[in-house]
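For the sequence shown, our numbering gives the first residue as 313, with consecutive numbering after it.
C-beta atoms are modelled at their ideal positions from N, C-alpha and C, and glycine is treated no differently.
Since this is a predicted model, take the numbers as computed values, not measurements.
Report on the structure given below.
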Amino acid sequence: MHGFFEKLFKSKVSLSSQVGKEAKVASTPSLTASSSRSASPQHQFLLNSPVRWTRQYDVFVCHSREDSETEEAERLVSFLEASPRNLRCFLTHRDSFPGGAIPTELCQAVQNSHIKVLLITPHFLTDEWCTFVMHQALADGPMSNRVIPLVQNLLPSQYPQELKVFSYTDLNRNPDHCYALVNRTVLQYLKDSVQNEKTLQCSNESSVNCVGDSI
Numbered sequence: 313m314h315g316f317f318e319k320l321f322k323s324k325v326s327l328s329s330q331v332g333k334e335a336k337v338a339s340t341p342s343l344t345a346s347s348s349r350s351a352s353p354q355h356q357f358l359l360n361s362p363v364r365w366t367r368q369y370d371v372f373v374c375h376s377r378e379d380s381e382t383e384e385a386e387r388l389v390s391f392l393e394a395s396p397r398n399l400r401c402f403l404t405h406r407d408s409f410p411g412g413a414i415p416t417e418l419c420q421a422v423q424n425s426h427i428k429v430l431l432i433t434p435h436f437l438t439d440e441w442c443t444f445v446m447h448q449a450l451a452d453g454p455m456s457n458r459v460i461p462l463v464q465n466l467l468p469s470q471y472p473q474e475l476k477v478f479s480y481t482d483l484n485r486n487p488d489h490c491y492a493l494v495n496r497t498v499l500q501y502l503k504d505s506v507q508n509e510k511t512l513q514c515s516n517e518s519s520v521n522c523v524g525d526s527i
């Protein structure tokens, strides 16, 4: 009898220890998630930079009107808008004004966005408004680094000729990785824009000093 209670006691101690360990392990991811939600100082600096606020949106996401592709675009936007990324995104079906002229709405949104993400699928290629937006986005030129093509269910031979100068990311392989790449590309663009602005300011200040010295 004594042996039975001894085994029972040991099993309770063992179970208690195991539960404690599991609770500790379970709490670790939440702590990690909590810490990951805080933006780095550089990230916060870029989000607060005056250059960023020269445009209304950080990302314009263009996609076809197919339900599955609308859902894919919404997943991408949810990722980009969530903390700590906190990017400002434009989705046509969500952010357009009711009754507005579609070409005008799209043109303004494209012009007011730093980065244009094109969700290229077979349906995208046959959607007249997607083609319209693509050509509007390409107006900045390939060296602007403001166009991000994402392909899905698309053969290499179907990739638009107009976008051959741009490398693309395949959503079929790893959507989460693609979303993270889009976020990093946006931040890199903002970083480059801030640096270019500083260089321009320094150049202007040098020119003013040179004029002052000559006077």
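Nearer than 7 angstroms: is that true of the beta carbon of residue i relative to any heavy atom of the ligand MG?
i, result
"T438", "With respect to the ligand MG, the structure offers nothing, as it holds no ligand at all."
What does DSSP give as the partner residues of residue i in its beta bridges?
i, result
"T481", "L462"
"S401", "For the record, residue 401 in the displayed sequence is Cys; it is not Ser. Note: C401 sits in a beta bridge opposite V371."
"S425", "Y369"
"I432", "V463"
Can you tell me whether residue i is buried or exposed, with buried defined as 16 or more other CB within 10 angstroms of its CB?
i, result
"D379", "exposed"
"A449", "buried"
"P454", "exposed"
"P468", "exposed"
"Q507", "exposed"
"P461", "buried"
"H375", "buried"
"C442", "buried"
Do the CB positions of residue i and residue j come within less than 8 angstroms of each other?
i, j, result
"V373", "L431", "yes"
"C490", "L499", "no"
"F368", "N457", "Residue identity check: residue 368 is Gln in the sequence provided, not Phe. No; because the gap between Cβ atoms is not below 8 angstroms, this pair is not in contact."
"D370", "I427", "yes"
"E509", "V389", "no"
"L305", "T481", "The displayed coordinates of the chain run from 313 to 527. Any statement about residue 305 would go beyond what the structure contains."
If residue i and residue j are in contact, beta carbons under 8 angstroms, what's the gap, nearest whole angstrom?
i, j, result
"E393", "T433", "Not confirmed; about 22 angstroms, so no contact."
"S361", "L502", "7 angstroms"
"L399", "A385", "Contact doesn't hold; Cβ gap of about 14 angstroms is too wide."
"L418", "V459", "In fact, because the Cβ distance is near 15 angstroms, the residues do not count as touching under 8 angstroms."
"R397", "N495", "5 angstroms"
"D452", "R377", "Not confirmed; about 25 angstroms, so no contact."
"Q470", "L437", "7 angstroms"
List the endpoints of the continuous alpha helix (DSSP H) containing residue i.
i, result
"Q448", "440-449"
"F391", "379-393"
"P468", "Taken as a continuous stretch (DSSP letters only), P468 belongs to no alpha helix (DSSP H), as it is neither H nor E."
"F277", "Absent from the model: residue 277. The displayed extent of the chain is 313 to 527, so no value can be given."
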